[in-house]
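Colleague: Here's a structure for you.
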Amino acid sequence: MIRVVIADDHAVVRQGLRTYLALQDDIDVVAEAADGAEAVDEVTRHAPDVVLLDLAMPRLDGVGALRELRERAPEARVIVLTSFGEDDRLFAALRAGAAGFLLKDSEPADIVRAIRSAHAGQAPLSPATATRVVEELTRGGHARATDLLTRRELDVLRLIARGRSNKRIALELGVAEKTVKTHVGHVLAKLGLSDRTQAALYAVREGLTET
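Per the working numbering, the very first residue in the sequence shown carries number 1; after that it's consecutive.
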């Protein structure tokens, strides 16, 4: 079962998502949250596999919640749900550690696919969002690795470029090897890379090994 937490300040949205997800044999909604602070608490308490996270919430917004979740629940895969055209929030959420980004008008079936995809270690993006990221990367705009990856993911990428194994990276960073594996998956998914060799070459090309 894929354990899911839904965080959105609109009760109707939460109920709609829970009702549809309850129809899926492989998904279990273990908790709901009405704001970012509550989302952090519920994720810490229930240790879900995937979090559906709204960005515009009271007390603590989605980006703030993401930053806390990266520290307190790094293995949870967070899919951000937001409105169309919020490019600043898109890149802020990716920098904060979002595993995926979907528009709120996405079809329910697309959200289910995104949950399964995120759980499998991939980075689900709505077509419009994916196009925006690719455009920035193609133009050499601000969507570089330093924008898309969290600080810890950048640390992992630099160590991959130096030929370190997951076990060695875990020792150097003082974290569990399983956590390193999760970070590696995030790095490959966010940068659209297929393996560690590509990641190492990317890091060298971007000059990340020099810092």
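For each residue, glycine too, the CB sits at the ideal point set by N, CA and C.
Of all the options 47, 74, 95, which has the alpha carbon lying nearest to the alpha carbon of residue 175?
Modeller: Translated into the one-based positions of the sequence shown, residue 175 becomes position 175. Looking at the Cα atoms, 74 is the closest of the given residues.
Colleague: Under 7 Å, do residue 169 and residue 187 count as touching if we go by C-beta distance?
Modeller: Mapped onto the sequence shown, residue 169 falls at position 169. Mapped onto the sequence shown, residue 187 falls at position 187. Not in contact: residue 169 and residue 187 (Cβ atoms no closer than 7 Å).
Colleague: Could you check which residue in 185, 113, 157, 172 has the C-alpha nearest to that of residue 205?
Modeller: What you label residue 205 is simply residue 205 of the sequence shown in a count that begins at 1. Answer by Cα proximity: 157.
Colleague: Just how far apart, CA to CA, sit residue 35 and residue 58?
Modeller: Taking the sequence shown and counting its residues from 1, one reaches residue 35 at position 35. Taking the sequence shown and counting its residues from 1, one reaches residue 58 at position 58. Their Cα atoms are separated by approximately 5 Å.
Colleague: Would residue 46 and residue 31 qualify as a contact pair, given that the criterion is a beta-carbon distance under 7 Å?
Modeller: One-based indexing of the sequence shown puts residue 46 at position 46. One-based indexing of the sequence shown puts residue 31 at position 31. In contact: residue 46 and residue 31 (Cβ atoms closer than 7 Å).
Colleague: In terms of residues, what are the limits of the alpha helix (DSSP H) holding residue 213?
Modeller: Since the displayed the chain opens at 1 and closes at 211, residue 213 lies outside it and no answer follows.
Colleague: Kindly provide the ranges of any beta strand (DSSP E) runs that are 3 or more residues long and lie completely inside the region 90-124, ordered along the chain.
Modeller: With a minimum length of 3 residues, the continuous beta strand (DSSP E) runs that stay inside the region 90-124 are 100-103.
Colleague: What three-state label does DSSP hand residue 193 in the structure shown?
Modeller: Here residue 193 refers to the residue found at position 193 of the sequence shown. In the structure shown, residue 193 sits in coil (DSSP, three-state: anything other than H, G, I, E or B).
Colleague: Please state whether DSSP places residue 32 in a helix, a strand or coil.
Modeller: Translated into positions along the sequence shown, residue 32 becomes position 32. Strand at residue 32.
Colleague: Using the three-state DSSP reduction, which class does residue 82 fall into: helix, strand or coil?
Modeller: One-based indexing of the sequence shown puts residue 82 at position 82. In this structure, residue 82 counts as strand in the three-state DSSP scheme.
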